[in-house]
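These notes are about the structure you will find just below.
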Amino acid sequence: MPGAQLLLRAATLLTLLLPSTQAQSTRCQWASLRSATDAVLESLSSGTLSASVPSSNFTYTQNLHAMDISAPASILSTPLSAAYTHSIIDQDACAAFVKLVINSTSSSPNSTGTSPQENENKPILLGMHLHYTYTPSTGAALNTLNLVAAGPQDWQMGVAPTTTNITNTLLTYLQHEAWPALSRAKQDSRAILQSIAESYLNFLAGNSTSTTSTSNETVASVPWGRPCSRLEGAMYTAIADSERCDKGIVTFQEGPGRGLGVTERSAFVVDESVGAVSVLARDGRLHDAASVFEMRVVEGGLRYVHQFASLAG
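Numbering (mature numbering (1 follows the signal peptide of the UniProt record, and there is no 0)), first residue to last: -23 to -1, 1 to 290.
Put into structure tokens, the structure is as follows:
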């Protein structure tokens, strides 16, 4: 793709992924964000989310493509039954990240946005960035929802023969992980968490240094924690204490059909209280597939790395 077209696409997507309102003048209240996020989750289970969002000034993207949230191809247009839910809250960005494992019996459209009859790639993993407007008098109101979904036919998801087995595999790994709140003394700053996430994304892109952080608190290379683990799709890699967490990672190598590293990175969602940071992006190793990343950092060391991707995105 010519450079000018690539820049235009990136700029257009960034406009969609970021909240449409101006930056918050007041730090968003945690309880208000928590309540609003819980309301979104409840609406997902009942299939009423598309009817409850504002009719104007609301943005929805699915696998990094703009879409009407109530359209038949929208994954959120039908009820979803979650077997696992995980979320983090970002008071500074007035945002939340939610990760869901969907029960195999859910009757949603598949992850490509076509009807279930056309193929059986129904979504199993969902990652959502929720952005809110906020005022002290009215609380948090959802105005942007960016979703990436992965099904059995997507990257690293076909490690089990059936959808039910994939769901059970994911639950085994995810429910084994611990995400307790960190004491103030053990919490890293927002700038450090984002810089560590950026250093990992740049590492995947074949660049071992962090070059995209706007903060002076940058991380020169990926600070692997001990122990650490990676969950890529439904493929789990547990790393021994004596090894680095990059064991087995395939980094970006430029070639036919490949993209330009990890690009079109959305606004980061950061929760210092649990050392978590999430970003949506395109992964050039996977032909620019729409991808969800979430990482947990404990005392400056990368402990958990989660990624899943929609190859159709």
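All C-beta atoms, glycine included, are put in the ideal place defined by N, C-alpha and C.
Helix, strand or coil at residue i according to DSSP, with G and I counted as helix
i: L159; result: coil
i: E209; result: strand
i: Q6; result: coil
i: F245; result: coil
i: V78; result: strand
i: F229; result: coil
i: R221; result: coil
i: T186; result: Confidence in T186 is poor, its pLDDT being 42 and thus under 50, which makes the residue's placement too unreliable to answer from.
i: D15; result: helix
i: T141; result: helix
Bridge partners - residue i, DSSP secondary structure assignment
i: residue 291; result: Only positions -23 to 290 of the chain appear in the structure, and residue 291 is not among them; the question remains open.
i: M272; result: V254, V282
i: V30; result: Answer by DSSP bridge pairing: none, since V30 is not bridged.
i: residue 293; result: An answer regarding residue 293 cannot be provided, because it is not within the stretch -23 to 290 covered by the chain.
CA nearest to the CA of residue i, picked from the options
i: Q133; options: D218, N123, T146, S33; result: T146
i: G135; options: A211, H283, I169; result: A211
i: residue 292; options: S219, F270, T14, S243; result: The requested residue 292 does not occur in the structure, where the chain is confined to residues -23 to 290.
i: L103; options: A182, S160, F74, S219; result: F74
i: S243; options: T228, S58, H63, L107; result: L107
i: F229; options: L263, R203, E249, E241; result: L263
i: L10; options: G278, F285, D248; result: D248
i: S176; options: L159, L170, V199; result: V199
i: E276; options: R203, S29, P113; result: R203
i: S47; options: S58, F35, L41; result: F35
i: T121; options: S32, L208, T214; result: S32
Pair within 8 Å by beta-carbon distance, residue i and residue j
i: Q130; j: N179; result: no
i: I101; j: I79; result: yes
i: A182; j: V254; result: no
i: W201; j: L279; result: yes
i: A60; j: T139; result: no
i: S250; j: L159; result: yes
Inter-residue CB distance, residue i and residue j (contact presumed, cutoff 8 Å)
i: A258; j: F245; result: That pair is no contact at about 10 Å.
i: Q68; j: R161; result: That pair is no contact at about 15 Å.
i: N142; j: T38; result: Not confirmed; about 30 Å, so no contact.
Residue i: CB within 7 Å of a non-hydrogen atom of the ligand COA
i: F245; result: Among the ligands in the structure shown, none appear at all, so the ligand COA cannot be discussed.
Minimum Cβ-Cβ distance from residue i to chain D less than 8 Å
i: P204; result: In the displayed structure, chain D is absent; only one protein chain is listed.
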